[in-house]
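Colleague: Everything in the sequence shown is counted per our numbering, starting at 131 for the first residue and increasing by one.
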Amino acid sequence: MADENVNVSFEESESPNGDTTQVEDDSNSPEVNDDINVVGQAIDFEIVGLFSSTNGRSCCIHKVCGKDVASGDLVRLVRTVVDINGKTESAIKLVKIIDGVDGCTVGFVPRVQAKLPKVVNCLDKFAVVRELHSISLNSCKREKSHKNRGVASATLLDYITRDE
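1. State yes or no: is the C-beta of Ala-224 within less than 8 Å of the C-beta of Leu-246?
2. Leaving aside the five residues before and after Leu-286 along the sequence, list all residues of the same chain whose C-beta is less than 7 Å from its C-beta, in chain order.
3. Would you check if the distance between the CB atom of Val-236 and the CB atom of Ile-177 is smaller than 8 Å?
4. Contact check, Val-199 vs Val-259 under 8 Å by CB: the rounded distance?
5. Return helix, strand or coil for Lys-271, following the three-state DSSP convention.
6. Could you please give the first and the last residue of the uninterrupted alpha helix (DSSP H) stretch that includes Arg-241?
7. Which residue's Cα is closest to the Cα of Asn-278: His-263, Leu-267, Asp-288 and Asn-268?
8. Pick helix, strand or coil for Val-211, following the three-state DSSP scheme.
9. Select from Lys-197, Asn-215 and Lys-226 the residue whose C-alpha is nearest the C-alpha of Asp-203.
10. How about Asp-254: is its C-beta nearer than 8 Å to some C-beta of chain D?
11. Under the three-state reduction of DSSP, which class applies to Gly-233: helix, strand or coil?
12. Going by DSSP, what residue range makes up the alpha helix (DSSP H) through Val-249?
13. Measuring straight from C-alpha to C-alpha, what distance separates Lys-248 and Cys-270?
14. If you follow the beta strand (DSSP E) that Lys-223 is part of, which residue opens it and which one closes it?
15. Whose CA, out of Asp-288, His-276 and Cys-234, lies closest to the CA of Ser-188?
16. For Val-205, is the classification buried or exposed, using 16 other Cβ atoms within 10 angstroms of its Cβ as the cut-off for buried?
17. Sort Ala-284, Ser-201, Ala-282 and Phe-238 by Cα distance to Glu-219 and report the nearest one.
The following block contains the structure:
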């Protein structure tokens, strides 16, 4: 089976009335476009909107649930419906697993990625957060995290290899 690579970049911006919109970034920099990688069977993707409180990303415990995410946290991909600029859209949210049960919604898979068959087939599967871009040594990742209100890299658990 041939290795397959898919790269998509995504930005979320805020309109003057506070609504968020999401647009595809046309930058060709490999560091900026490293959102989803499918190499063989492994699936790496990004979580956006960690530092935003809209569309269910706040609760009675956290003002912004995604600020509580750390490297190594377990999340689950869940299909949901969100309101973006008055339009209802299907989305894939990431729910943090706390003590073995679903906890807070911490972010979303970028909308351009949420339509890809490789990602849709991962619904209700678990992933581990690998890196928070806001504290990355890579300046492009930090900038992208700022533009998208918090970005993290994650890997689907089904495809993590075990060291022998």
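A virtual CB, placed ideally from N, CA and C, is assigned to each residue, including glycine.
Modeller: Looking at the coordinates:
1. Sequence index remark: in the sequence shown, residue 224 carries index 94 (1-based). Sequence index remark: in the sequence shown, residue 246 carries index 116 (1-based). Reading off the sequence shown, one finds Leu at residue 224, where the question assumed Ala. No, these two residues do not count as a Cβ contact at 8 Å.
2. As a working note, residue 286 is residue 156 in the sequence shown. Correct list, in chain order: Ile-173, Cys-252, Lys-255 and Ala-257.
3. For this step, residue 236 is matched to residue 106 along the sequence shown. For this step, residue 177 is matched to residue 47 along the sequence shown. Closer than 8 Å, so yes.
4. Residue 199 sits at position 69 when you count from the first residue of the sequence shown. Residue 259 sits at position 129 when you count from the first residue of the sequence shown. Val-199 to Val-259, Cβ: 6 Å. Contact.
5. As a first step, residue 271 must be located in the sequence shown, where it is residue number 141. Here Lys-271 sits in helix by DSSP.
6. Stepping through the sequence shown from its first residue, residue 241 is reached at position 111. 241-244 is the extent of the alpha helix (DSSP H) around Arg-241.
7. On the sequence shown, residue 278 is found 148 positions in, with the first residue counted as 1. Nearest of His-263, Leu-267, Asp-288 and Asn-268 to Asn-278, Cα basis: His-263.
8. Looking up residue 211 in the sequence shown gives position 81. Note: Val-211 maps to strand in three-state DSSP.
9. Numbered from its first residue, the sequence shown carries residue 203 at position 73. Of the candidates Lys-197, Asn-215 and Lys-226, the one whose C-alpha sits nearest the C-alpha of Asp-203 is Lys-226.
10. Checking the listed chains, one finds no chain D in this structure; it contains a single protein chain.
11. Here residue 233 is taken as the residue at index 103 of the sequence shown, counted from 1. Strand, per DSSP.
12. Counting from one through the sequence shown, the residue named residue 249 turns up at place 119. Per DSSP, Val-249 belongs to the alpha helix (DSSP H) from 247-250.
13. By 1-based counting over the sequence shown, the position of residue 248 is 118. By 1-based counting over the sequence shown, the position of residue 270 is 140. Looking at the two C-alpha atoms, the distance is approximately 26 Å.
14. Residue 223 sits at position 93 when you count from the first residue of the sequence shown. Element bounds for Lys-223: 217-228.
15. The residue given as residue 188 occupies position 58 in the sequence shown. Per the C-alpha coordinates, the member of Asp-288, His-276 and Cys-234 positioned closest to Ser-188 is Cys-234.
16. Counted from its first residue, the sequence shown places residue 205 at position 75. Counting Cβ neighbours within 10 Å, Val-205 comes out buried, since at least 16 surround it.
17. Residue numbering aside, residue 219 sits at position 89 when the sequence shown is read from its first letter. It is Phe-238 whose Cα lies nearest to the Cα of Glu-219.
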